[in-house]
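**Student:** In my numbering, the protein residues as written are 544 to 869.
Note that beta-carbon positions come from the ideal geometry of N, C-alpha and C, so glycine has one too.
(1) Within its chain, find whatever has a CB closer than 6 Å to the CB of residue 733; leave out the 5 residues flanking it on each side and keep chain order.
(2) Out of curiosity, what's the CA-to-CA distance linking residue 569 and residue 659?
(3) For the alpha helix (DSSP H) containing residue 708, name the first residue and the last one.
(4) Determine the burial state of residue 684: buried for a count of at least 16 other Cβ atoms within 10 Å of its Cβ, exposed for fewer.
(5) Relative to the alpha-carbon of residue 779, which residue among 787, 767, 790 has its alpha-carbon at the smallest distance?
(6) Would a C-beta distance cut-off of 9 Å place residue 588 and residue 600 closer than the cut-off?
(7) Verify the CB distance criterion: does residue 778 have a CB-CB separation below 9 Å to chain D?
(8) Starting from the Cα of residue 818, find the closest Cα among 614, 613, 853, 706 and give me that residue.
(9) Who are the Cβ neighbours of residue 796 in its own chain at under 6 Å, not counting the five residues just before and after it?
(10) Which runs of the alpha helix (DSSP H) spanning at least 4 residues fall entirely within the region 621–697, listed in chain order?
(11) Using a Cβ-Cβ cutoff of less than 7 Å, which residues in the same chain neighbour residue 855 once the five nearest sequence positions on both sides are dropped?
(12) Taking contact to mean at least 3 C-beta pairs separated by less than 8 Å, is the region 793–813 in contact with the region 593–608?
(13) Does DSSP put residue 777 in a helix, a strand or coil?
(14) Measuring only the C-alpha atoms, how far is residue 787 from residue 673?
Now the structure itself:
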C-alpha cells in the first residue's frame, strides 16, 4: 500500500524531540493557570506561529540583517514575541533563520535549548554549496532543526541545472524546504515537488502576491492551484499584511479586503495543508501582531473548529515532523 509521502521516513530525531516538546507543553499548560477568561479559547489546542525571526544586534559580531536604519534593528527574542498583544495566545513558534551566516543556525539552536516556547528551527543553508551535506548533517543532529529556507533564485538555478542531490538528501533526512520569493516561486514549488516527491515543501508568504482591491491576478491563482495538487506541498498564510501595504502605508484591517486572496489559498490547499505564520517582527511594518493574527484566525475560524486546530498546529506538525500537542 502506497503511503502519504509526508508520513514517510519519520526518523529517530522526531522521537527524540518528543521529550523536549512534552516538557515545553507542560510548562505552557502550567503558565495558562490564572489567565483571564478572554485568553482561554485556545487552550484545547496549540497555537504555533510558524514564521518568526529572532536576532540580537547587540552581539559582538552584530547581525547581517536587518539594516541599522530599519525600525526592525533591535534585539528580538522569544520573550519579545510573547509580550505582544495577541488575538489569541501563541503557545510556541517555529523560527525561520533570516541570517545568511552559517553559525547563526547554531545560535538559534542554542537559543532553543533553554526555551521550550521554540518548537522548531527552519535554518538557512545554501543547497548549491559543496559543504551543504556536511552542514545539514551537523545541524540536523539537533531534533529541533526541522527545515531549510531556500530562496527562489537558488531553487531555480538548481532545477535548471538538474542538480537536485541536496533536495534529495533533505527528503531522506525528513528536513522540509521552505521556499521564499516572488509569485514566480510558486511554479518552482510545483516543479520541485514533481521531481522530489518525498521532499516536504512549504511555500512561504502565499507566494508574496500583491493584495489589493482588484483581487489576486489570474496567473497567481493558476499557479497556486497547480502547486497545491502535489501532496507534499504546504502553504503558510504569512506576510498577509505586507502584501497589502506595498505603497508604504499601513495595511487594511478589514478581513473582507483579504478574503478573495485567502479564498484562493484555502480552495487550493484545503484545511489539511495551510499553516499559520505571522512573519513577526517584519509584519510590524504593515500592521501590529494582534491585527495580523486576527485576520487569519478569523478567516479560518469560519471554516470550523477542526480546521482552525489544523491551521494552528497539526498541519505544521506534519510538514515539519514535530509531534503535535493538540
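**Tutor:** The relevant details are as follows:
(1) 769, 770
(2) With a pLDDT of 35 at residue 569, under the threshold of 50, the modelled position of this residue cannot be trusted, and the question is left open.
(3) 708–716
(4) exposed
(5) 767
(6) no
(7) Structure shown: chain D not included; a single protein chain is present.
(8) 853
(9) 834
(10) 621–625, 646–656, 675–683
(11) 588, 589, 590, 591, 819
(12) no
(13) strand
(14) 39 Å
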